[in-house]
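Residue numbers (this note's numbering): 40 to 321.
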């Protein structure tokens, strides 16, 4: 779909709440209005497509808010959902007799899921369709906040078509908590895990290993970045290496005068090249 028209977008430097307020004040369409616009959109009417998208931006916000627990930027989640909404509008056929809302939910969630899986580093097992289904459904399938029993875990595994071990591993990843190495107070009778740890930081082979690792993470990364073309390097640095939290896809799309989808494609290709360069360095 040609997306040359301007849409309100959440940005990393603007007010997300203002964006949400704006889209929530865009009037919803009646079934008759939606039907008319959908027919016109299939005939190539860009203005009709724009009205369909604008009237459903609040739906994207509502869905994106359901993914707060993954620790990712809310503006990015909404932007990804908006891309899914635009894909849904492009494919929507009013003759099917369903409302755009029902049709678009799948496309919106699909884009958000892909974004989370690309960027949430803890997720290593969600590589197949059943495992992805496990990742996004485990929390809702739990009967309580208590740890899963083997019986409950086996039931979930059977329902989703995955192994029991995969359910237990995902459960551990998603519910595991950090343990403090230090005691809660300075009482000399208190012991903490750190009291049983040995300090190997000054051991010669450990020092050399740390120095090599640091060089790889600093000099190696800079060398790898230098191998990218200027635009790709700027996108990666602006998105992931900036001190202020980084720019969003739409921030960079506005800077380069292209779509957010194009920026995402450039970023994905650049990250793939970087991983290859760093693997060679190791």
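The beta carbon of each residue, even a glycine, is placed where N, CA and C say it ideally should be.
Between residue 95 and residue 124, the beta carbon gap of about 6 angstroms places them in contact (Cβ cut-off 8 angstroms). Straight across, the Cα-Cα distance linking residue 148 with residue 197 is about 24 angstroms. Annotation for residue 172: 199 place their beta carbon closer than 7 angstroms to its own, counting only its chain and skipping 5 residues before and after. If you draw a straight line from the Cα of residue 59 to the Cα of residue 118, it is about 12 angstroms long.
Between residue 121 and residue 99, the C-beta gap is smaller than 9 angstroms, which places the two residues in contact.
Cβ-Cβ separation between residue 76 and residue 91: approximately 5 angstroms, consistent with a contact (criterion under 8 angstroms). Shown here, residue 277 sits in a helix according to DSSP, grouped into three states. In the three-state reduction of the DSSP assignment, residue 123 falls in the helix class. For residue 69, the closest C-alpha among the options 275, 192 and 140 is that of 140. Cβ-Cβ distances below 7 angstroms link residue 150 to 119, 120, 122 and 123 in the same chain, with the five nearest sequence neighbours on each side left out; the list follows chain order. Per DSSP, the unbroken alpha helix (DSSP H) holding residue 194 starts and ends at 189–199. If you draw a 10 Å sphere on the C-beta of residue 314, you find fewer than 16 other C-beta atoms in it, and that means exposed. Sixteen is the threshold: when 16 or more other Cβ atoms of the shown chains lie within 10 Å of the Cβ of residue 290, as they do, the residue is buried. The Cβ atoms of residue 288 and residue 276 lie no closer than 9 angstroms to each other. Around the beta carbon of residue 209, 16 or more other beta carbons lie within 10 angstroms, which makes this residue buried. In the structure shown, the three-state DSSP call for residue 262 is helix.
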